[in-house]
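Sequential numbering from 20 applies to the sequence shown in my numbering.
Quick notes on the structure that follows.
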Amino acid sequence: MKLLTTFFTTAILLNDCAGAVTKVYGQQPVAAAQQTAATAAQPAKKQKKPRRRPVAAKPAGVDPRKINALLYGTAERLEIISSLYENLGLRISTDTLKKAYDLDKAVNKTAAAYFMAPEPKPDRENIKNYRGLLESVLRSVRILKELKDRLPAADTGAAILSTRDLYLAINDELAAHSLIPVAIDPKPQAGKNRASADGEEISNQTETLLTISELTLALSNFLREEGKYPTRLKDLAPKYIPAIPAVSVAGHPKTAEVVEIESRDYDADHSRAFNDTGKWLYFSHKKSRYYGRVFVDCSHKNSQGVEFYKIGEAK
Numbered sequence: 020m021k022l023l024t025t026f027f028t029t030a031i032l033l034n035d036c037a038g039a040v041t042k043v044y045g046q047q048p049v050a051a052a053q054q055t056a057a058t059a060a061q062p063a064k065k066q067k068k069p070r071r072r073p074v075a076a077k078p079a080g081v082d083p084r085k086i087n088a089l090l091y092g093t094a095e096r097l098e099i100i101s102s103l104y105e106n107l108g109l110r111i112s113t114d115t116l117k118k119a120y121d122l123d124k125a126v127n128k129t130a131a132a133y134f135m136a137p138e139p140k141p142d143r144e145n146i147k148n149y150r151g152l153l154e155s156v157l158r159s160v161r162i163l164k165e166l167k168d169r170l171p172a173a174d175t176g177a178a179i180l181s182t183r184d185l186y187l188a189i190n191d192e193l194a195a196h197s198l199i200p201v202a203i204d205p206k207p208q209a210g211k212n213r214a215s216a217d218g219e220e221i222s223n224q225t226e227t228l229l230t231i232s233e234l235t236l237a238l239s240n241f242l243r244e245e246g247k248y249p250t251r252l253k254d255l256a257p258k259y260i261p262a263i264p265a266v267s268v269a270g271h272p273k274t275a276e277v278v279e280i281e282s283r284d285y286d287a288d289h290s291r292a293f294n295d296t297g298k299w300l301y302f303s304h305k306k307s308r309y310y311g312r313v314f315v316d317c318s319h320k321n322s323q324g325v326e327f328y329k330i331g332e333a334k
């Protein structure tokens, strides 16, 4: 009797276990389905887009494939503006004239390094007029055409960029019909230059531009070696410049005298510092916004209506 009771008890337990197992496995798909539905109901997370590296700006250089065309084009335009001056009495602006002088300096520096020669100093006696400067720049372009394939691009880069700047400036003036008329005597007397008073103005501006460039370069060299600008402009000589160059503009007598400005009184409007003396004007106060700047103290205006003290000013 005990044996039968044990048998039935075991059978009942096995039956209960089987039912429980069936219940669990029967419910499992429902739970999985519920979990899937819940997951689907949740908003999908936005995938982060990979960060793009900023594109490096391309250097504002000249395409090497176009350098030959640039040099030929610049030489051609220099010949054109020389012809326009000779035939029609038209000249380029002072700003473009400064670009021409910058190109001349850059090529001379490059050529001096290549031939291991001393870098030439500005020759104001030979390049003291408009015609002389144009001729010098044209020679420089021809030199650059010869050297560009003999030197690394890094050594000719500054000269090439100066060439591009001059080319674009001349193009703009030709396209805008903005060349400046210069009165030229149609019947020059034998043995005399045919440039009139306007021609004299061109010489004044060109020579003034050259002398300012001399002083500016000397000031830059002084600052690089001494860590400051000189207290007096005359302190540049003789180490950084043989002597302070004399200047003569707009009828003022030629002079190398300097007016020193040792204050910040003219920071708001530096034009008030000019008294039309025809001398050099030098700002020497260390806290002045014009510290280390040199100007010609002349407020006369040229044919463009621009005061002479603005010649060579950075834009």
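Quick reminder that beta carbons are idealized off the backbone N, C-alpha and C, glycines included.
Review point. Whose CA, out of Leu238, Asn127 and Thr115, lies closest to the CA of Asp339?
Key: Because residue 339 is not part of the residues shown, which for the chain are 20 to 334, the question remains open.
**Study point:** Whole-number beta carbon distance between Glu233 and Pro264, since they are thought to touch under 8 Å
**Key:** Sure, about 6 Å apart at Cβ, within 8 Å.
Review point. Should Asn106 be labelled buried (16 or more other beta-carbon atoms within 10 Å of its own) or exposed?
Key: Per the 10 Å Cβ criterion, exposed.
Review point. So, using beta-carbon positions, are Ile17 and Ile100 closer together than 8 Å?
Key: Missing from the structure shown is residue 17; the chain here goes from 20 to 334 and no further.
Check your understanding: Cβ of Ile231 within 8 Å of Cβ of Arg110?
Key -> Ile231 places its beta carbon 8 Å or farther from that of Arg110.
Exercise for review: Name the two residues that bound the continuous alpha helix (DSSP H) containing Ile189.
Suggested key: It spans Ala172 to Ala194 - the alpha helix (DSSP H) in which Ile189 sits, taken as one unbroken run.
**Study point:** Span of the beta strand (DSSP E) around Glu279
**Key:** Bounds of the beta strand (DSSP E) holding Glu279 are Val277 to Ile280.
Review point. Where Arg283 and Trp299 are concerned, what is the direct C-alpha to C-alpha distance, given to the nearest angstrom?
Key: In a straight line, the C-alpha of Arg283 is about 18 Å away from that of Trp299.
Review point. Quick one: what does DSSP say Glu138 is sitting in, helix, strand or coil?
Key: Glu138 sits in coil when the DSSP states are folded into three classes, being neither helix nor strand.
Practice item. Count the other C-beta atoms from every protein chain shown that fall within 10 angstroms of the C-beta of Arg169, then say buried if there are 16 or more, exposed otherwise. Key: Per the 10 Å Cβ criterion, exposed.
Practice item. Starting from the C-beta of Tyr186, find all residues in its chain whose C-beta is less than 7 Å away, skip the five residues before and the five after it, and write them out in chain order. Key: Only Leu89, Gly92, Thr93 and Arg96 meet the Cβ criterion.
Exercise for review: Write down the C-beta distance between Gln229 and Thr182 rounded to the nearest angstrom, noting that I regard them as a contact closer than 8 Å.
Suggested key: Just to set this straight, residue 229 is Leu in the shown sequence, not Gln. So it is not a contact: roughly 19 Å between Cβ atoms.
Practice item. Take the Cβ of Asn294 as the centre, count every other Cβ of all protein chains shown within 10 Å, and call the residue buried at 16 or more, exposed below. Key: So Asn294 ends up on the exposed side.
Check your understanding: Is there contact between the stretch 260 to 275 and the stretch 303 to 310, where contact requires at least three CB pairs shorter than 8 Å?
Key -> Segments in contact, no.
Practice item. Could you check the C-alpha separation between Leu238 and Pro261 for me, to the nearest Å? Key: Cα to Cα, the separation comes out at about 13 Å.
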